[in-house]
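Peer 1:
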Amino acid sequence: MTAVPTRTGGPADLAGLRRLAVATLDANWEHDHTVPSRTLYPHQWSWDSAFIAVGLAQVRPERAWRELASLFRAQWADGRVPHIVFNPAMRVGAYFPGPELWRSASAEGAPAVDTSGLVQPPVHALAAWLAYRRAPDPAGLAVLRRLYPALVAQHCYLADRRDLTGDGLVCIVHPWESGLDNSPAWDEPMAAVPAEAAVMRAYRRHDTAHADAAHRPTDLDYARYLAIVAAYRDRGYRDRDLADGHPFLVECPLFNAAFGAAEHALARIAALVGADPGPHRARAARITEAVVRRLYDPATGAFAPRDLRTDQLIPARTVLGLAPLILPDLPTRQADALVVEARSARFGVARRMDRPLPSYDRTAPDFEPLRYWRGPSWLNVGWLVRRGLLAHGHPELAAGLRQSMIGLVAGAGCHEYFHPDTGAGLGSPAFSWTAALLLDLLTEEPAPDAV
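Start counting the sequence shown at 250; every next residue gets the next number (my numbering).
(1) What would DSSP say about L562, mapped onto helix, strand or coil?
(2) Return the Cβ separation of A270 and G304 in integer angstroms, given the expectation that the two are a contact with Cβ distance under 8 Å.
(3) What are the start and end residues of the alpha helix (DSSP H) that includes V401?
(4) With 16 as the cutoff for other CB atoms within 10 Å, does V330 come out buried or exposed?
(5) L429 and C420 - do their beta-carbons sit closer together than 7 Å?
(6) With DSSP collapsed to three states, give me the class of Y474.
(7) Is DSSP giving S432 helix, strand or coil here?
(8) Could you pull the DSSP bridge partners for C420 from this structure?
(9) Could you check the C-alpha separation between L691 and P678 for me, to the nearest Å?
(10) What's the C-alpha gap between H332 and D525?
(11) How long is the line joining the alpha carbons of A313 and I301, rounded to whole angstroms?
(12) What distance in whole Å lies between the Cβ atoms of A399 and F504, which are believed to be in contact at a cut-off of 8 Å?
(13) Quick check on this structure: which residue in D603, R601, R595 has the alpha carbon closest to the alpha carbon of Y609?
(14) What did DSSP end up calling A594 once you bin it into helix, strand or coil?
(15) Which of the three DSSP states, helix, strand or coil, is assigned to S677?
(16) Suppose the cutoff is 7 Å on Cβ atoms and the five residues either side in sequence are ignored; what does the same chain contact list for P669 look like?
(17) What does a CB cutoff of less than 7 Å around L375 pick up in its chain, not counting 5 residues either side in sequence?
(18) Tell me, to the nearest whole angstrom, how far the beta carbon of H282 is from that of E316; I am working on the premise that it is less than 8 Å.
(19) For the segment 554-574 against the segment 632-639, do three or more pairs of beta-carbon atoms, one drawn from each stretch, fall closer than 8 Å, so that the two count as touching?
(20) Helix, strand or coil: which one does DSSP assign to G555?
(21) Taking Cβ to Cβ, would you say G358 is nearer than 7 Å to Y406?
(22) Pick out whichever of N431, A272, F497 has its Cα sitting closest to the Cα of Y471.
(23) Could you name the residues of the same chain whose beta carbon sits closer than 7 Å to that of R530, not counting the 5 residues immediately before and after it, in chain order?
(24) Would you check if the segment 532-539 and the segment 548-567 touch, i.e. whether three or more CB-CB distances between them fall below 8 Å?
(25) Which residues bound the alpha helix (DSSP H) around W314?
(26) What is the DSSP secondary structure of T652, counted as helix, strand or coil?
(27) Quick check on the burial criterion: 16 or more other C-beta atoms within 10 angstroms. Buried or exposed for P644?
(28) Need the endpoints of the alpha helix (DSSP H) that I220 sits in, please.
(29) V568 to L367, Cα distance in whole Å?
(30) Report yes or no: do the segment 476-488 and the segment 437-447 share at least 3 C-beta pairs separated by less than 8 Å?
(31) Are the Cβ atoms of Q369 and W296 separated by less than 7 Å?
(32) Is T567 helix, strand or coil by DSSP?
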C-alpha cells in the first residue's frame, strides 16, 4: 500500500487509519444500519447508507447488505427512497426536524416507519454494485437479487415522477435532496422562497447545539427549508403539478450525474441477476445527453444547476459542477473541460495537492471555509470526483486527490468535513461516511472501475 503523507508532511499510519475507520463504523452501528454520527445525526440517512455500504463491504460485508436492505424496507409505494428513516426508539424531539414535522404517516403510500418525504442523490445502485464487486459471494448475490426490483422502482420513481419538463432530467424539490444542503448553488432559488428568520424562534435547532452556529446554515436558511418542506408535505408529497406552485424546483448536476452512473451500475447488476440490462443502458445514455444539453455551460466549461422557476443556469461555481465526471459516457469535450475546471485555482486538483478539494470556488468573494457546504472539504464528493477522474483517464490526478483525502483523516480523524485550507476537522466527529470511504480509498483497486 502506497505511503500517504499527512498534512504535516510525515507518512500516515495506514494500518492505524484502517483500524480507526472500522472502530468508527462499529461504534455507529445501530442493529440493522449505521447512523451518520452519534451526536448530530441519530437516524438513518439515504445516501449516507449507500456510501457506508461501500466501506462496510471491505470489512463487514454482511453489514453492508443489511445497511442497504434496511434502507429499502422504508421505500414508499411510489418507489421513492426517503432521505431520512427515523428510529422509533429515539425520543420525540431528539432530532430537528423530526417525524412530527414530516408527518409521513398521513401520506399515501408511505411505509409503516416514520420517514421524511424527500429523496437524496440515487447513489444506491452504484453502492450495491461496488459492494458486490468488493465481496462477490453467494450471500451478497442473493441480497442483490432481492434489491434489484427495489432499485428499479427507485429509478422509475425519479424518471416518471420527477422529470417535470420532460427533458430527461430529475428535478429536486428541496436543497436537502441535493445532499449539499446550503451550497451557494441554492442561494438564488432560495432567495425567492418567502420566509422570515424569526420563524425559527418556535423551534429548537439541534445542529447548533452540537456544532458552532458559524459553521451551520443560518436561521433564515432553516426558515426557508421548513417553508419548502411544508409546501411539499401539505400536498401529501405528491409530485403531480409541482410546476404550478412549488417554491423550489432545480435540475442538479450532481443528482442527475449520480442517476446516470447508477443506471450504468444497474445495467451491470441486471446482467448479473438475469434481467435485461438494455433499458438501463438506454436510460443512462438519455440522462448523459440531457445533462450535457441542459446543464453544461460552454462559457465556463463547467456544469451548473438549472433553476426551473427562471429556466436559467445558476452561476455559482461549486463542486456540484464537477460531478458529471462520474458519467462514463460523458463526451470527451465536456470531460476535458471539467478536468481543466478541477485543476483550476477554484478547486486545485493536482498530482500533489497543497490543499483539499473545496465544496465551493475558493476564489469567490463569498467563499466561507467554515460554513458547511460553502467551502469546506467533504470526502464523499471528493470520492465521486476521484472516480470520475479514473473513468476519464486521469489516474495521476485521481491519485493526488486520493492522497489528499487520506491525509485529511490522518491529520484530523474521521470528521464530517474539513477546513479547506488547514485540513482541520469540522462538524461531527466519528462520522460514518468519512470512515467508510476512507476504507475504500485505502483499498487500492487493480484497475479503475468505469462506473
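From the three backbone atoms N, C-alpha and C, an ideal C-beta is built for every residue, glycine too.
These numbers were taken from a predicted model, which means no experiment stands behind them.
Peer 2: Per the coordinate set shown:
(1) On the sequence shown, residue 562 is found 313 positions in, with the first residue counted as 1. L562 falls in the strand class under three-state DSSP.
(2) Start at 1 with the first residue of the sequence shown, and residue 270 comes out as number 21. Start at 1 with the first residue of the sequence shown, and residue 304 comes out as number 55. Yes, they are in contact, since the Cβ atoms of A270 and G304 sit about 7 Å apart, within 8 Å.
(3) Within the sequence shown, numbered from 1, the residue matching residue 401 stands at position 152. Taken as a continuous stretch (DSSP letters only), the alpha helix (DSSP H) holding V401 covers 387-410.
(4) Numbered from 1 along the sequence shown, position 81 holds the residue referred to as residue 330. Buried, because 16 or more other Cβ atoms sit within 10 Å of the Cβ of V330.
(5) Along the sequence shown, one-based indexing puts residue 420 at 171. Along the sequence shown, one-based indexing puts residue 429 at 180. No; because the gap between Cβ atoms is not below 7 Å, this pair is not in contact.
(6) Here residue 474 is taken as the residue at index 225 of the sequence shown, counted from 1. Helix at Y474.
(7) Locating residue 432 in the sequence shown gives position 183, where the first residue counts as 1. Three-state result, S432: coil.
(8) On the sequence shown, position 171 is the one that residue 420 refers to. C420 pairs with E500.
(9) Position 442 of the sequence shown, counted from the first residue, corresponds to residue 691. Position 429 of the sequence shown, counted from the first residue, corresponds to residue 678. If I take the Cα positions, the gap works out to 20 Å.
(10) Within the sequence shown, residue 332 is the residue found at index 83, counting from 1. Within the sequence shown, residue 525 is the residue found at index 276, counting from 1. Cα to Cα, the separation comes out at about 28 Å.
(11) As a working mapping, residue 313 is identified with position 64 in the sequence shown. As a working mapping, residue 301 is identified with position 52 in the sequence shown. Using only the alpha carbons, I get a separation of about 7 Å.
(12) The residue you call residue 504 lines up with position 255 of the sequence shown. The residue you call residue 399 lines up with position 150 of the sequence shown. No, F504 and A399 are not in contact; Cβ-Cβ is about 19 Å, not under 8 Å.
(13) One-based indexing of the sequence shown puts residue 609 at position 360. Here the closest residue by C-alpha is R595.
(14) In the sequence shown, counting from the first residue as 1, residue 594 sits at position 345. Coil.
(15) For the purposes of this step, residue 677 is identified with residue 428 of the sequence shown, where counting begins at 1. Of the three classes helix, strand and coil, the one that applies to S677 here is coil, per DSSP.
(16) As a position in the sequence shown, residue 669 is number 420, starting the count at 1. Excluding positions up to five away in sequence, the list reads R604, P605, P607, R611, P618, G624, P625, S626.
(17) Within the sequence shown, residue 375 is the residue found at index 126, counting from 1. Once the five neighbours on either side are set aside, the close Cβ partners of L375 are A510, A511, A514, V700.
(18) For the purposes of this step, residue 282 is identified with residue 33 of the sequence shown, where counting begins at 1. For the purposes of this step, residue 316 is identified with residue 67 of the sequence shown, where counting begins at 1. That pair is a contact at about 6 Å.
(19) yes
(20) Here residue 555 is taken as the residue at index 306 of the sequence shown, counted from 1. Residue identity check: residue 555 is Arg in the sequence provided, not Gly. Of the three classes helix, strand and coil, the one that applies to R555 here is strand, per DSSP.
(21) On the sequence shown, residue 358 is found 109 positions in, with the first residue counted as 1. On the sequence shown, residue 406 is found 157 positions in, with the first residue counted as 1. It is not a contact, given that the beta carbons lie outside the stated cut-off.
(22) Here residue 471 corresponds to residue number 222 of the sequence shown, with the count starting at 1. For the residues N431, A272, F497, the minimum Cα distance to Y471 belongs to N431.
(23) If you number the sequence shown from 1, residue 530 lands on position 281. Contacts found: A516.
(24) no
(25) Taking the first residue of the sequence shown as 1, we reach residue 314 at position 65. Counting along the chain, the alpha helix (DSSP H) containing W314 begins and ends at 310-321.
(26) If you number the sequence shown from 1, residue 652 lands on position 403. Note that residue 652 is Gln in the sequence shown here, rather than Thr. The answer is helix: DSSP assigns Q652 an H, G or I state.
(27) Here residue 644 refers to the residue found at position 395 when the sequence shown is read from its first residue. Its Cβ having fewer than 16 others within 10 Å, P644 is exposed.
(28) Because the chain in this structure spans residues 250 to 700, residue 220 falls outside the shown range and cannot be described.
(29) Numbered from 1 along the sequence shown, position 319 holds the residue referred to as residue 568. Numbered from 1 along the sequence shown, position 118 holds the residue referred to as residue 367. Taking the straight line from one Cα to the other gives about 22 Å.
(30) yes
(31) Looking up residue 369 in the sequence shown gives position 120. Looking up residue 296 in the sequence shown gives position 47. Contact flag set, yes.
(32) The sequence position of residue 567 within the sequence shown is 318, counting from 1. Here T567 sits in strand by DSSP.
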